[in-house]
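**Student:** Numbering-wise, the sequence shown is residues 1 to 229 according to this note's numbering.
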Amino acid sequence: MLTIICGEDSVASFNYYSSLKKAYQDKNNEILDVNSSVLENITSWMGDSQSLFSQKKVFFTQNVNKKLSRKLNLKINRVVEILIKDKTLEVVTWEEEISSRELKFPKGPQVKEFKPSQNIFKLQDSLYPGNLKNFLSIINELSASVDETFIFIMLLRHLRNLLLIKSGAVSSRLQPWQVAKLKSQAAHWQIDKLANFYDSFHKIDVSQKTSANPYSLKKSLDILSVYYL
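1) So what does DSSP say about Trp-177, is it helix, strand or coil?
2) Please specify which runs of the beta strand (DSSP E), each continuous and at least 3 residues long, are wholly inside the segment 54-139, giving them in chain order.
3) Using the Cα positions of Val-80 and Pro-106, report the straight-line distance between them to the nearest angstrom.
4) Is it buried or exposed for Ala-212, if we count other Cβ within 10 angstroms and need 16 for buried?
5) So what does DSSP say about Glu-8, is it helix, strand or coil?
6) Taking the alpha-carbon positions, what's the Val-92 to Asp-33 distance?
7) Once the 5 residues before and after Phe-201 are set aside, which same chain residues still bring their CB inside 8 Å of it?
8) Go ahead and pull the three-state DSSP assignment for Thr-149.
9) Rank Gln-208, Lys-218, Leu-163 and Leu-217 by C-alpha distance to the C-alpha of Asp-192 and give the top, closest one.
10) So, with DSSP's three-state summary, where would you put Glu-141?
11) Check this for me: beta carbons of Arg-238 and Lys-104, under 8 Å apart or not?
12) Exposed or buried, which one is Ile-4 when buried takes at least 16 other CB atoms within 10 Å?
13) Judging by CA-CA distance, which residue of Leu-142, Lys-21 and Ala-187 is the nearest neighbour of Pro-129?
14) Output the distance between the C-alpha atoms of Pro-116 and Glu-95, rounded to the nearest integer angstrom.
15) Exposed or buried, what is Gly-108 when buried is set at 16 or more other beta-carbons lying within 10 Å of its beta-carbon?
16) Near Ser-51, what residues of its chain come up, given a Cβ to Cβ distance below 6 Å and the 5 sequence neighbours on each side ignored?
17) Between Leu-123 and Lys-166, is the Cβ-Cβ spacing less than 8 Å?
18) Based on the DSSP output, what are the partners of Glu-30 in its beta bridges?
19) Taking the alpha helix (DSSP H) that Leu-39 belongs to, which residues open and close that run?
20) How about Lys-42 and Phe-59: do their beta carbons lie closer than 8 Å?
21) How is the alpha helix (DSSP H) around Val-170 delimited, first residue to last?
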């Protein structure tokens with residue numbers, strides 16, 4: 001049996017993935033972390049050593065979707081089909097920052113998707129010069145119920161898309177209506193200012209990871225938006 005945990009809300013999905021692992025541990029199951037690159041070995045382990053499965057074991061892995069293909073009959077595709085159908089096995093995979101519609105898995109697995117609040121998309125849409133008041137209003141409301149790390153990630157991702165569009169590049173993952181929407185928003189930006197804004201996000205990210213930022217992520221976003229919006 002295969003369980004897929006996914007969704008654009010990567011913070012909430014990973015928290016669920018972690019809590020599920022702990023729940024299995026609390027029930028005295030053995031947890032095995034498996035790199036997706038060796039996922040195909042699970043079936044051979046079963047054949048080589050039945051004693052390995054003398055007690056209940058649960059396999060946890062991540063980002064299997066990146067290795068799958070809808071078009072090619074790859075070995076990993078066949079292995080995943082076996083894992084889905086085999087009810088004696090329990091395999092859980094976390095797919096980072098990907099929606100259920102982008103999954104390339106065969107039919108049959110259990111899927112737990114974590115979708116962002118619609119307000120996060122309103123916040124992304126408000127990210128342009130001259131719109132500071134609206135941006136601050138939305139982010140203040142959103143931060144009351146949404147993890148600030150997720151807000152930061154979604155804004156950084158959106159800025160990257162805006163910068164690509166402004167530079168004349170288009171991500172293959174974007175739908176035509178998304179491209180049109182991004183082009184309209186990017187028209188509000190001068191490319192140098194947009195690039196500097198994007199770089200500032202990365203500096204905040206580094207300072208947070210090195211504990212060099214005296215401010216919270218939310219406060220840092222507030223300060224940055226005042227300067228650029």
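Even glycine gets a Cβ: it sits at the ideal position worked out from N, Cα and C.
**Tutor:** For this structure:
1) helix
2) 57-62, 90-94 and 110-113
3) 8 Å
4) exposed
5) coil
6) The C-alpha of Asp-33 is placed about 10 Å away from the C-alpha of Val-92.
7) Phe-152, Leu-155, Leu-156, Leu-159 and Leu-224
8) helix
9) Leu-163
10) If DSSP states are grouped into helix, strand and coil, Glu-141 belongs with the helices.
11) Residue coverage of the chain in this structure runs from 1 to 229, which leaves residue 238 outside it and unanswerable.
12) So Ile-4 ends up on the buried side.
13) Ala-187
14) Distance between the alpha carbons of Pro-116 and Glu-95 is about 15 Å.
15) exposed
16) In this predicted model, Ser-51 has a pLDDT of only 45, less than 50, meaning its place in the structure is not dependable; the value taken from the coordinates is given anyway. Counting only Cβ-Cβ distances below 6 Å, and skipping sequence neighbours, we find nothing.
17) no
18) Glu-30 is bridged to Lys-57.
19) Segment: none, Leu-39 is in no alpha helix (DSSP H) and carries neither H nor E.
20) A quick correction: the sequence has Ile, not Lys, at residue 42. A contact, by the Cβ cut-off of 8 Å.
21) In the DSSP annotation of this structure, Val-170 is not part of any alpha helix (DSSP H), being labelled neither H nor E.
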